[in-house]
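For the sequence shown, the positions run 774 to 896 when my numbering is used. No residue lacks a Cβ here, since even glycine has one placed at the ideal position from N, Cα and C. Structure record follows, encoded as structure tokens.
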Amino acid sequence: MILLLTSLFFMQAAPTTKAAPKQTMGQQKEIQALAQMMHPARSIMIINPKERAGDYLKAWELLKQERSTAKVYFELADGSKISNVIDMKLMPGDTLIVFRYNTPQGIRYQVVEIEDILGIMHQ
774 MILLLTSLFF
784 MQAAPTTKAA
794 PKQTMGQQKE
804 IQALAQMMHP
814 ARSIMIINPK
824 ERAGDYLKAW
834 ELLKQERSTA
844 KVYFELADGS
854 KISNVIDMKL
864 MPGDTLIVFR
874 YNTPQGIRYQ
884 VVEIEDILGI
894 MHQ
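Right, dumping it as structure tokens:
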């Protein structure tokens, strides 16, 4: 990115033809796009993994009371979903959750990193 900005700085020579103002507009658009990439619209918040894991556990317990466990599911970063959750256990480091869930083939286990959980929902 620095290399691109440096090259844009050195490319700003005195305009000698009518095509130069169009090039300057293009350069301005590139600089604006770079500025937007460097400062995303979404803010960043740092959360203790233990607190986030606890929030997921409490949210699951609350939704489980409202809905059957089959209708409560976790959406993961890889696009998969975990439903029919029977039990959730936090690992001692509080960065992993072990899901115990029911499938037609029987009970399964899946270990998921806290940062890979996008949300918890119900249908």
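With 16 other CB atoms within 10 Å as the buried threshold, where does M861 fall?
The residue given as residue 861 occupies position 88 in the sequence shown. M861 counts as buried, since no fewer than 16 other beta carbons sit within 10 angstroms of its beta carbon.
With distances taken Cα to Cα, identify the nearest neighbour of V885 among Q896, H895, T868 and Q878.
Start at 1 with the first residue of the sequence shown, and residue 885 comes out as number 112. The residue with the shortest Cα to Cα distance from V885 is T868.
Inter-residue spacing [alpha-carbon to alpha-carbon] between K854 and R881:
Your numbering for residue 854 matches position 81 in the sequence shown. Your numbering for residue 881 matches position 108 in the sequence shown. Answer to the nearest angstrom: the Cα atoms are 13 Å apart.
Am I right that G879 and E848 are in contact with their C-beta atoms under 8 Å? What's the rounded C-beta distance?
Counting from 1 along the sequence shown, the entry for residue 879 is found at position 106. Counting from 1 along the sequence shown, the entry for residue 848 is found at position 75. Not a contact, Cβ separation roughly 23 Å.
Exposure of A806, with buried meaning 16 or more beta-carbon neighbours within 10 Å:
As a working mapping, residue 806 is identified with position 33 in the sequence shown. By the neighbour-count rule (16 or more Cβ atoms within 10 Å), A806 is not buried but exposed.
Counting only C-beta atoms, is A826 closer than 8 Å to chain B at any point?
You won't find chain B in this structure, because it holds only one protein chain.
May I ask you to report which of helix, strand or coil DSSP gives A793?
Start at 1 with the first residue of the sequence shown, and residue 793 comes out as number 20. Residue confidence for A793 is low, a pLDDT of 49 falling below 50, so the modelled location carries little weight; the figure read from the coordinates is stated next. When DSSP states are grouped into helix, strand and coil, A793 belongs to the helix group.
Alpha-carbon to alpha-carbon, Q800 and A845
On the sequence shown, residue 845 is found 72 positions in, with the first residue counted as 1. On the sequence shown, residue 800 is found 27 positions in, with the first residue counted as 1. Residue identity differs from the one stated: residue 845 is Val in this sequence, not Ala. When rounded, the distance between both Cα atoms is 50 Å.
In the DSSP assignment, find the alpha helix (DSSP H) that holds K844 and state where it starts and stops.
Sequence index remark: in the sequence shown, residue 844 carries index 71 (1-based). Taken as a continuous stretch (DSSP letters only), K844 belongs to no alpha helix (DSSP H), as it is neither H nor E.
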